[in-house]
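Under my numbering, the letters of the sequence shown match residues 52 to 181, in that order.
Note that the Cβ used here is the ideal one computed from N, Cα and C, for glycine as well.
Computed from a predicted structure; not experimentally measured.
What follows is a short report on a single structure.
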Amino acid sequence: MGMGDETPEATFGYIVKKLNDYGLAYLHLVEPAMVGTVKDENFDPRWDAIIKLLRDEFKGVLMIAGGYDRDTAEKAIANGRADIIAFGRPFIANPDLPARLRDGHPLNAADSASFFGGDVTGYTDYPTMN
Ligand SMILES: Cc1cc2nc3c(=O)[nH]c(=O)nc-3n(C[C@H](O)[C@H](O)[C@H](O)COP(=O)(O)O)c2cc1C
Numbered sequence: 052m053g054m055g056d057e058t059p060e061a062t063f064g065y066i067v068k069k070l071n072d073y074g075l076a077y078l079h080l081v082e083p084a085m086v087g088t089v090k091d092e093n094f095d096p097r098w099d100a101i102i103k104l105l106r107d108e109f110k111g112v113l114m115i116a117g118g119y120d121r122d123t124a125e126k127a128i129a130n131g132r133a134d135i136i137a138f139g140r141p142f143i144a145n146p147d148l149p150a151r152l153r154d155g156h157p158l159n160a161a162d163s164a165s166f167f168g169g170d171v172t173g174y175t176d177y178p179t180m181n
């Protein structure tokens with residue numbers, strides 16, 4: 052399993068339960084289907100159950116990132132998977148992401164080729180809505 056742990060339910064369940072004692076502003080998880088910056092559609096469903104376990108164990112605000120768009124984020128919040136959905140790549144590719152989400156405007160696709168530097172490409176040239 053991830054991080055070389057054969058019993059992630061016990062390990063992360065214990066950690067998250069203990070985190071309740073610290074009054075954290077939030078706990079941020081990344082969807083287990085995310086492998087680096089790519090979403091694995093065939094990931095082990097055991098991890099989905101672990102997210103739900105950690106959701107139940109953590110008493111504070113739970114934030115999750117990982118492959119979300121406007122609709123899937125709304126659904127994840129509505130069904131209690133998370134309290135807050137975070138966006139990574141959509142923010143890279145959409146300088147006006149909050150306004151786009153508000154208006155239901157389509158998003159620019161992120162170009163992974165420019166994620167890790169080079170020149171200004173991928174940093175300052177993604178277009179805004181107008
Ligand atoms: C260019 C790039 C660099 C990233 N670097 C890190 C990192 O250093 N540490 C980390 O925990 N996640 C890192 N991530 C993962 C993001 O924090 C996020 O969990 C991931 O992109 C899934 O969210 P998204 O689908 O909204 O992009 C990185 C993602 C991208 C695209």
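What does the alpha-carbon distance come out to for the pair residue i and residue j?
i, j, result
"I24", "E125", "This structure cannot settle anything about residue 24, because the visible part of the chain is limited to 52 through 181."
"T172", "A161", "12 Å"
"F142", "G111", "25 Å"
"G156", "L70", "Correcting the residue type first, residue 156 is His in the shown sequence and not Gly. Roughly 37 Å separates the two Cα atoms."
"D91", "Y73", "33 Å"
With 16 as the cutoff for other CB atoms within 10 Å, does residue i come out buried or exposed?
i, result
"G138", "Reading off the sequence, residue 138 comes out as Phe, not Gly. Buried."
"G169", "exposed"
"R121", "buried"
"A127", "buried"
Relative to the C-alpha of residue i, which candidate in the options has its C-alpha closest?
i, options, result
"P178", "R153, A164, G155, A144", "A144"
"G104", "F167, F63, N181, A150", "Residue identity differs from the one stated: residue 104 is Leu in this sequence, not Gly. Here the closest residue by C-alpha is F63."
Residue i by DSSP, collapsed to three states: which one?
i, result
"V212", "Nothing can be reported for residue 212: it is not among the residues displayed for the chain, which extend from 52 to 181."
Run the proximity test for residue i: is its beta-carbon closer than 7 Å to any non-hydrogen atom belonging to ligand 3?
i, result
"A124", "Ligands displayed in this structure: ligand 1; ligand 3 is not among them."
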